[in-house]
Amino acid sequence: MAIYLSNDNAQGEYYLTDIIAAAHADGQKIEAVHPANPIEVEGVNDRRQLAKLERAHQLMQAEKLLEQGVMLRDPNRFDLRGTLQCGMDVEIDANVIIQGNVTIGDNVTIGAGCVLIDCEIDDNTLVRPYSIIESATVAEDCTVGPFTRLRPGAELRNDSHVGNFVEVKNARLGEGSKANHLTYLGDAEIGQRVNVGAGVITCNYDGANKFKTIIGDDVFVGSDSQLIAPVTIADGVTVGAGTTLTKDVEANQLVITRAKERRISDWERPVKKK
């Protein structure tokens, strides 16, 4: 049965209650029923009412997850704006936002304030507070955050760690590898058991095109190094702190580029003019 409603009224709106008169005029049987929850039939006429219904909807979703065994530390401060598949013993702290299609494995902890978008997080992984994971995959036994951003194409293999203010984009971090501080890894393939020091940057963009950085297994990249792509670092290489690398490095070498230190004994600090 098709029922046609009119919006010829002061508000210019289609009223749900007009269905009753339209159904009666069409000869349909009319019955009174009680909604499962009165909130389901409340009207929305302003932003305040919309926010009220949205919060009620979010709480209903949170209660379903609690019934399924998910530990939500504060159901009133949880937002599910898509679909969530959870394994066993999952713990989600306050103010977490989940968007799109998100899959979380067993024994996973999501810290406060995290944003998960179209991502997959495998078993026994810890996501510390205020991390953003978007269109990325995180394997088993990983540690992410706090304040980490995994952008589209990021892939963390088993037992890898990314920490404070680390950004990963379109890059794979191999099994057991770590980048714990203040690092950008973009368009990169990083092998197993690699240690990436603080302040390391894969310089992947020349202003026109993107290029890839390839790092082998068991590589140590010292702090504050810049890896100018395209560049390949073979297995077992040590990159000294402060290095700006522009050429490929063969296996098991130490590579270092550093300005010679100078000490000026008679130097005087400038004095501010009055």
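Going by the UniProt record's numbering, the sequence shown opens with residue 1, and the numbers climb by one from there.
Backbone N, C-alpha and C define an ideal beta-carbon position, used for all residues, glycine too.
Verify whether the separation of the beta carbon atoms of Val96 and Ile117 is less than 7 Å. No, they are not a contact pair.
Assumed close pair Pro146, Glu134 - CB separation to whole angstroms, cut-off 8 Å: Not really, about 17 Å apart at Cβ, beyond 8 Å.
If you reduce the DSSP assignment to three classes, tell me which class Val200 lands in. In the structure shown, Val200 adopts coil according to DSSP, grouped into three states.
The ligand PLP and Asn101: does any heavy atom of the ligand fall closer than 6 Å to the residue's C-beta? The ligand content of the structure shown is nil, which means the ligand PLP is not present either.
According to DSSP, which residues form a beta bridge with Leu84? Per DSSP, Val102.
So what does DSSP say about Ala171, is it helix, strand or coil? The three-state secondary structure of Ala171, taken from DSSP, is strand.
Whose C-alpha, out of Pro230, Gly222, Glu268 and Ser265, is nearest the C-alpha of Arg258? Nearest option by C-alpha distance: Gly222.
Are the Cβ atoms of Ile256 and Gly236 separated by less than 7 Å? No; because the gap between Cβ atoms is not below 7 Å, this pair is not in contact.
So, is Asn269 buried or exposed, given that buried needs 16 or more other C-beta atoms within 10 angstroms? It is worth fixing the name first, because residue 269 is Arg in this sequence and not Asn. Exposed, because fewer than 16 other Cβ atoms sit within 10 Å of the Cβ of Arg269.
With a cut-off of 8 Å on the beta carbons, I'd call Ala154 and Ala171 a contact; round off their distance for me. Sure, about 6 Å apart at Cβ, within 8 Å.
Straight-line Cα distance separating Asn204 from Pro243: The question names Pro, but residue 243 in the sequence shown is Thr. Cα to Cα, the separation comes out at about 16 Å.
In this structure, how does DSSP classify Val41 when only helix, strand and coil are distinguished? Of the three classes helix, strand and coil, the one that applies to Val41 here is helix, per DSSP.
Return the residue from the list Ala51, Ala62, Ser160 and Glu167 that minimises the CA-CA distance to Ser131. The shortest C-alpha separation from Ser131 is found at Glu167.
Where the beta strand (DSSP E) through Gln58 begins and ends: Unbroken run through Gln58 is the alpha helix (DSSP H), Arg47 to Glu67; no beta strand (DSSP E).
Determine, using beta-carbon pairs with one atom in the stretch 84-101 and one in the stretch 45-60, whether at least three such pairs fall under 8 Å. With a cut-off of 8 Å on Cβ pairs, the stretch 84-101 is not in contact with the stretch 45-60, counting fewer than three such pairs.
Can you tell me which of the three DSSP states Asn209 falls into? Here Asn209 sits in coil by DSSP.
Would residue 276 pass as a contact of Val219 if the rule is Cβ separation under 7 Å? Here the chain has residues from 1 to 274 only, and residue 276 is not among them.
Consult DSSP for Arg77 and reduce its assignment to one of helix, strand or coil. Helix at Arg77.
Separation of Ala22 from Tyr4, as counted between CA atoms: C-alpha separation (whole angstroms): 8 Å.
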